[in-house]
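Undergrad: Numbered by full-length UniProt numbering, the letters in the sequence shown go through residues 1 to 250 in order.
Quick reminder that beta carbons are idealized off the backbone N, C-alpha and C, glycines included.
All of these numbers come straight from a predicted model, not from anything done at the bench.
Provided herewith is a single structure, encoded as structure tokens, for subsequent inquiry.
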Amino acid sequence: MQGQAQQQAYDRGTTIFSPDGRLYQVEYAREAVKRGTASVGIRTPDGIVLAADKRSRSPLMEPTSVEKIHKTDDHVGIASAGHVADARQLIDFARRQAQVNRLRFGEPVGVETLTKNVADNIQQYTQVGGARPFGVALLIGGIEDGSPRLYETDPSGTPYEWEAVSIGADRSNLQEHLEENYTNELSLNEGIGLALRTVAISNDDELTAAGVDVATVATDTEEFIELTNDEISTYITDNDLEATEDPDNE
């Protein structure tokens, strides 16, 4: 009984290490990320591609109310996986950091700097009593000094830079697909196709335009752009990912 009580104390304490050096609350937050629908980021010489699975839980839900990709600054976008409410808080923090940088220095914030600021904020919640870690992972992609940059943050507050990465449900299979099909010579259009094919793996290789978000940040324009449903439908058709049955039309 005493051993169980000690285990429960480690389990409940956000700031307490277990004897084997683990923070259980951070690991639980990572499990929350795994339960979220997938998001994919791809870096190409022509820019960044972000794609996110945003399937509705009900055909009565308005698809536009499900937000998985957000504009952070003119040159930066963020995709999330995990608790959407936690993601909103971190995205608002990132937007404030981007605004402060423009006001203070008169220039766009660097993608690496922004990512580390967000990661520092996440990390604080792993060592402060009375608060829980954020149950969300983020993909932060944008253009910095003319070069595309793509980062991932996890609930521990650790940032990683990637060429192509998946977060959320079925990550191992999606990451394996990216490792097999990614090359650093992809065009932006080819990157969009690869991102959609990767997201489709967790959807039985089928997608609908209403069930996925796609955004790009092109290297030449350094402008964040969200694709319309018609544009997404064209890419879905070109990659043979059309759903045989659209649940929204049932």
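Beta strand (DSSP E) containing Ser39: first to last residue?
TA: Counting along the chain, the beta strand (DSSP E) containing Ser39 begins and ends at Ser39 to Thr44.
Undergrad: So, under 8 Å CB-CB, Gly146 and His75 are touching, yes? Tell me the CB distance rounded to an integer number of Å.
TA: Not confirmed; about 11 Å, so no contact.
Undergrad: Could you tell me if Leu103 is buried or exposed, where buried requires 16 or more neighbouring beta carbons within 10 angstroms of its beta carbon?
TA: Exposed, by the Cβ-count rule.
Undergrad: Can you look up Phe105 in the DSSP assignment and give me helix, strand or coil?
TA: The answer is helix: DSSP assigns Phe105 an H, G or I state.
Undergrad: List, from N- to C-terminal side, the beta strand (DSSP E) runs of 3 residues or more that fit wholly inside the stretch 6-87.
TA: Counting whole runs of 3 or more residues, the stretch 6-87 contains the beta strand (DSSP E) stretches 39-44, 47-53, 69-73 and 76-82.
Undergrad: I need the boundaries of the beta strand (DSSP E) containing residue 252, first residue and last residue.
TA: The first residue shown for the chain is 1 and the last is 250, placing residue 252 beyond what the model contains.
Undergrad: Quick check: what's the CA-CA separation for Ala210 versus Thr14?
TA: Cα-Cα distance, rounded: 38 Å.
Undergrad: Are Pro159 and Ala29 touching if we call contact CB-CB under 8 Å?
TA: No, Cβ-Cβ distance for Pro159 and Ala29 is not below 8 Å.
Undergrad: Expressed to the nearest angstrom, what Euclidean distance is found between the alpha-carbon atoms of Ala87 and Gly77?
TA: Ala87 and Gly77: Cα-Cα distance of roughly 13 Å.
Undergrad: In the DSSP assignment, find the beta strand (DSSP E) that holds Ser172 and state where it starts and stops.
TA: Element bounds for Ser172: not the beta strand (DSSP E) but the alpha helix (DSSP H), Arg171 to Asn181.
Undergrad: With DSSP collapsed to three states, give me the class of Glu144.
TA: DSSP places Glu144 in strand when its eight states are reduced to three.
Undergrad: Assign Asn249 to one of three DSSP states: helix, strand, or coil.
TA: The predicted model places Asn249 with a pLDDT of 47, which falls under 50 and marks its position as unreliable; any figure quoted below should be read in that light. It is helical.
Undergrad: Could you tell me which residues DSSP puts in a beta bridge with Leu150?
TA: BP columns for Leu150 point to Gly141.
Undergrad: Thinking C-beta only, is Gly47 closer than 8 Å to Thr198?
TA: No, Cβ-Cβ distance for Thr198 and Gly47 is not below 8 Å.
Undergrad: Leaving out the 5 sequence neighbours to the left and right, which residues in its chain are closer than 8 Å to residue 306 when beta-carbon positions are compared?
TA: Absent from the model: residue 306. The displayed extent of the chain is 1 to 250, so no value can be given.
Undergrad: Whole angstroms are fine: how far does the CA of Ser187 sit from the CA of Ser233?
TA: Answer to the nearest angstrom: the Cα atoms are 19 Å apart.
Undergrad: Have a look at Lys68, Gly130 and Glu242 and flag the residue whose alpha-carbon is nearest the alpha-carbon of Thr56.
TA: In the sequence as presented, Thr is not what sits at residue 56; that position holds Ser. Ranking Lys68, Gly130 and Glu242 by Cα distance to Ser56 puts Lys68 first.
Undergrad: May I have the straight-line CA-CA distance separating Ala38 from Leu227, to the nearest angstrom?
TA: So the two alpha carbons sit approximately 18 Å from each other.
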